[in-house]
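Peer 1:
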Amino acid sequence: MKNNHAISIMLIAFILAGCGTPAGNNAYITPQQISEPKIADITPTFEIQIERVNNCDGANPTYNVSYKTIETQKATFEVTVGAGGLVTGTPVPTALEVQLEAKITAALAKDYGLTTEKNHDLTLDNPQGTFVEHTIEWKVTRVKGLIEVIYGDGIAQVIFDKIANVDLHNRTSQSLGCNGVGQMPASTNTSVVPIATLETEPPPTKVSQSSTQPSSGSEMTPIREHYSVQVGTGIFENGTFSDGLAPYSESWLWDNKHSKVQRIRREEQPSGCDVSRYNTNLVWISGSSGMEFTVNGEVVGTYQAADDAHGYIFEYPIKMGDKLCAMKFKPIGFSIFLGTDIYYHYDSYCYRGNC
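If you count by mature numbering (1 follows the signal peptide of the UniProt record, and there is no 0), then the sequence shown holds residues -23 to -1, 1 to 332, one letter each, in order.
1. Could you tell me whether the stretch 248 to 268 touches the stretch 287 to 307, using the rule of 3 or more Cβ pairs below 8 Å?
2. By alpha-carbon positions, which one of 252, 105, 117, 129 ends up nearest to residue 152?
3. What are the start and end residues of the alpha helix (DSSP H) that includes residue 80?
4. Using only the alpha-carbon positions, how far apart do residue 109 and residue 282 sit?
5. Identify which residue in 11, 23, 19, 33 has its Cα closest to the Cα of residue 220.
6. Which of the three DSSP states, helix, strand or coil, is assigned to residue 40?
7. Return the Cβ separation of residue 8 and residue 61 in integer angstroms, given the expectation that the two are a contact with Cβ distance under 8 Å.
8. Write down the C-beta distance between residue 141 and residue 99 rounded to the nearest angstrom, noting that I regard them as a contact closer than 8 Å.
9. Which runs of the alpha helix (DSSP H) fall wholly inside the stretch 240 to 313 and span at least 4 residues, in chain order?
10. Against chain B, does residue 280 count as a neighbour if the rule is that its beta carbon must be under 8 Å from one of theirs?
11. Under a Cβ-count criterion, where at least 16 other Cβ atoms within 10 Å of its own Cβ denotes burial, should residue 120 be classed as buried or exposed?
12. DSSP three-state label for residue 200, please.
13. Using DSSP with H/G/I as helix, E/B as strand and the rest coil, what is residue 323?
14. Evaluate contact between the stretch 128 to 142 and the stretch 30 to 41, counting only Cβ atoms and requiring at least three cross-stretch pairs below 8 Å.
15. For residue 99, list the residues DSSP reports as bridge partners.
16. Report the three-state DSSP secondary structure of residue 228 (helix, strand or coil).
17. Go ahead and label residue 256 buried or exposed: buried means 16 or more other beta carbons lie within 10 angstroms of its beta carbon, across all protein chains shown.
18. Using C-beta distances below 8 Å, list every residue in its chain close to residue 88, excluding the 5 sequence neighbours before and after it, in chain order.
19. According to the neighbour-count rule (16 or more other Cβ atoms, all chains shown, within 10 Å of its Cβ), is residue 331 buried or exposed?
20. Residues in the same chain with beta-carbon distance under 6 Å from residue 241, minus the five sequence neighbours each way, listed in chain order, please.
21. Less than 8 Å separating the beta-carbons of residue 57 and residue 136?
22. Quick check on the DSSP output: the beta strand (DSSP E) that includes residue 133 runs from which residue to which?
23. Keeping to the same chain, check which residues put their C-beta closer than 7 Å to that of residue 162; ignore five residues upstream and five downstream.
24. Please list the segments of the beta strand (DSSP E) lying wholly inside the stretch 2 to 36, counting only runs of 3 or more residues, in order along the chain.
25. Checking 8 Å against the spacing of the C-beta atoms, do residue 213 and residue 279 come in under that value?
26. Between residue 270 and residue 226, what straight-line distance do the alpha-carbon atoms span, to the nearest angstrom?
27. Using 10 angstroms around the beta-carbon of residue 233, count the other beta-carbons present and answer buried if the total reaches 16, otherwise exposed.
28. Among 74, 115, 302, 291, which residue has its Cα nearest to the Cα of residue 335?
29. Go through its chain and collect everything with a Cβ distance to residue 134's Cβ below 7 Å, but skip five positions before and after it.
30. Does the Cβ of residue 228 have 16 or more other Cβ atoms within 10 Å, making it buried, or fewer, making it exposed?
31. If you follow the beta strand (DSSP E) that residue 121 is in, where does it begin and where does it stop?
32. Shortest alpha-carbon distance to residue 326 belongs to which of 311, 64, 205, 201?
33. Rounded to the nearest angstrom, what separates residue 218 and residue 301 at their Cα positions?
34. Going by beta-carbon coordinates alone, are residue 30 and residue 147 separated by less than 8 Å?
35. When the distance is taken between beta carbons, is residue 315 closer than 8 Å to residue 272?
36. Quick one: residues in its chain with C-beta nearer than 7 Å to the C-beta of residue 303, no 5 flanking neighbours on either side, listed in chain order?
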């Protein structure tokens, strides 16, 4: 009888012990430390979103859209070296995902100025009596890297892939006509009119553009299509700009001897002034509203546009030895570029990730 009692007690103890232990090794182990992310690659890509809006009857004067894949901004993780309960090829626990995501987001904002946006909405205007096709171009910045998670028994390595930032890069619209709504008109000559990005300014005016690259040493021929713009007084009354997406990397420009450009920035010239090293009729300027541009002490224009990293191209006769100055600029700084390779650099500026 005593033996039966002993066996029963042992069996109950075994069952209770089994109930208190998770099946397998799925218990979350808190890491001792999560290292700073190591960014391996930051790649800007461009995604096209097409929206067709029927306002033939006047029922849809405006139409709201969002970046359709915004939910993919959440990072994806893969364990490549296991430790502390993390096994190569298995999912990262949800609790750890949250910690890693926060660590990566903070690092991108601090070191690269990339801030994750939870939504990106856009209102499309549609004139009454039209069926409009809107082409929206999003600039999507993807980041890949590695983050180490330190446990008592070793260091786990987790690679990640994340959409770090989404910006509206450009949008165009064209009327498809209200006859046969939903279909392209028979004519293929419908013009695509660039419209201001998230602004209410009138569409910029196209200026002529060569279909080929400028020849070596030619500063007078744009590489990308340029548009006329007015961003101030004097020299700034007549400028041009492009999308900056000519496919030239920094190394390509230097390797192909397109380095003939002078740069004047607050970082190198805190006084705002430098002496021209070129004879030129073109100058590329970006700045802040209220900034003045002077040549040999004479104010030749006042910049009145919002801060813009890309800036604009302006015509003004500048001789070698002229003193060029940016005056009354804000702490955000300014940039003045000139030289015979100015279009190579300006028209590829955004492609090189500077916009």
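Glycine included, every Cβ here is placed at the ideal spot set by N, Cα and C.
Peer 2: Quick answer:
1. yes
2. For the purposes of this step, residue 152 is taken as the residue at position 175 of the sequence shown. Per the Cα distances, 105.
3. Numbered from its first residue, the sequence shown carries residue 80 at position 103. Note, residue 80: alpha helix (DSSP H), 71 to 89.
4. If you number the sequence shown from 1, residue 109 lands on position 132. If you number the sequence shown from 1, residue 282 lands on position 305. Distance between the alpha carbons of residue 109 and residue 282: 30 Å.
5. Translated into positions along the sequence shown, residue 220 becomes position 243. Of the candidates 11, 23, 19, 33, the one whose C-alpha sits nearest the C-alpha of residue 220 is 23.
6. Numbered from its first residue, the sequence shown carries residue 40 at position 63. Note: residue 40 maps to strand in three-state DSSP.
7. As a first step, residue 8 must be located in the sequence shown, where it is residue number 31. As a first step, residue 61 must be located in the sequence shown, where it is residue number 84. Yes, they are in contact, since the Cβ atoms of residue 8 and residue 61 sit about 6 Å apart, within 8 Å.
8. As a working mapping, residue 141 is identified with position 164 in the sequence shown. As a working mapping, residue 99 is identified with position 122 in the sequence shown. Wrong, their Cβ atoms sit about 20 Å apart, outside the cutoff.
9. none
10. The displayed structure is made up of one protein chain only, and chain B is not part of it.
11. Here the question's residue 120 lines up with position 143 in the sequence shown. Residue 120 comes out buried.
12. Within the sequence shown, residue 200 is the residue found at index 223, counting from 1. Reduced to three states, the DSSP call for residue 200 is coil.
13. Here residue 323 refers to the residue found at position 346 when the sequence shown is read from its first residue. Reduced to three states, the DSSP call for residue 323 is helix.
14. no
15. Residue numbering aside, residue 99 sits at position 122 when the sequence shown is read from its first letter. DSSP output for residue 99 lists 42 as bridge partner(s).
16. On the sequence shown, position 251 is the one that residue 228 refers to. Secondary structure at residue 228: helix, using DSSP grouped into helix, strand and coil.
17. Taking the first residue of the sequence shown as position 1, residue 256 is located at position 279. With fewer than 16 other Cβ atoms within 10 Å, it is exposed.
18. Reading the sequence shown from its first residue, position 111 is the one you call residue 88. 16.
19. Position 354 of the sequence shown, counting from 1, holds the residue named residue 331. Here residue 331 is exposed: its Cβ has fewer than 16 other Cβ atoms, across all protein chains shown, within 10 Å.
20. Counting from 1 along the sequence shown, the entry for residue 241 is found at position 264. Hits under 6 Å: 251, 313.
21. The count along the sequence shown starts at 1 and reaches residue 57 at position 80. The count along the sequence shown starts at 1 and reaches residue 136 at position 159. Closer than 8 Å, so yes.
22. Counted from its first residue, the sequence shown places residue 133 at position 156. Counting along the chain, the beta strand (DSSP E) containing residue 133 begins and ends at 131 to 152.
23. The sequence position of residue 162 within the sequence shown is 185, counting from 1. Residue placement at residue 162 cannot be trusted, given a pLDDT of 34 that sits under 50; what the coordinates show is reported in the next sentence. So the list reads 153, 154, once near-sequence residues are dropped.
24. 15 to 32
25. In the sequence shown, residue 213 corresponds to position 236, counting from 1. In the sequence shown, residue 279 corresponds to position 302, counting from 1. For residue 213 and residue 279, yes; Cβs fall inside 8 Å.
26. Here residue 270 is taken as the residue at index 293 of the sequence shown, counted from 1. Here residue 226 is taken as the residue at index 249 of the sequence shown, counted from 1. Going from the Cα of residue 270 to the Cα of residue 226 covers about 29 Å.
27. Taking the first residue of the sequence shown as position 1, residue 233 is located at position 256. Residue 233 should be labelled exposed.
28. Examination of residue 335 is not possible in this model, given that the chain is present from -23 through 332 alone.
29. Reading the sequence shown from its first residue, position 157 is the one you call residue 134. Its chain contains 57, 58, 123, 125 as the residues whose beta carbon lies nearer than 7 Å to that of residue 134, once the 5 sequence neighbours on both sides are disregarded; these appear in chain order.
30. Here residue 228 corresponds to residue number 251 of the sequence shown, with the count starting at 1. Exposed, since its Cβ has fewer than 16 Cβ neighbours within 10 Å.
31. By 1-based counting over the sequence shown, the position of residue 121 is 144. 107 to 128 is the extent of the beta strand (DSSP E) around residue 121.
32. To locate residue 326, count along the sequence shown from 1; it is residue 349. Minimum Cα distance to residue 326 is reached at 201.
33. The residue given as residue 218 occupies position 241 in the sequence shown. The residue given as residue 301 occupies position 324 in the sequence shown. Cα to Cα, the separation comes out at about 21 Å.
34. Against the sequence shown, residue 30 aligns to sequence position 53. Against the sequence shown, residue 147 aligns to sequence position 170. It is not a contact, given that the beta carbons lie outside the stated cut-off.
35. For the purposes of this step, residue 272 is taken as residue 295 along the sequence shown, with counting starting at 1. For the purposes of this step, residue 315 is taken as residue 338 along the sequence shown, with counting starting at 1. No. Outside cutoff.
36. Walking along the sequence shown from the start, residue 303 turns up at place 326. Excluding sequence positions up to five before and after residue 303, its CB lies within less than 7 Å of the CB of 249, 264, 268, 270, 311, 313, all in the same chain and listed in chain order.
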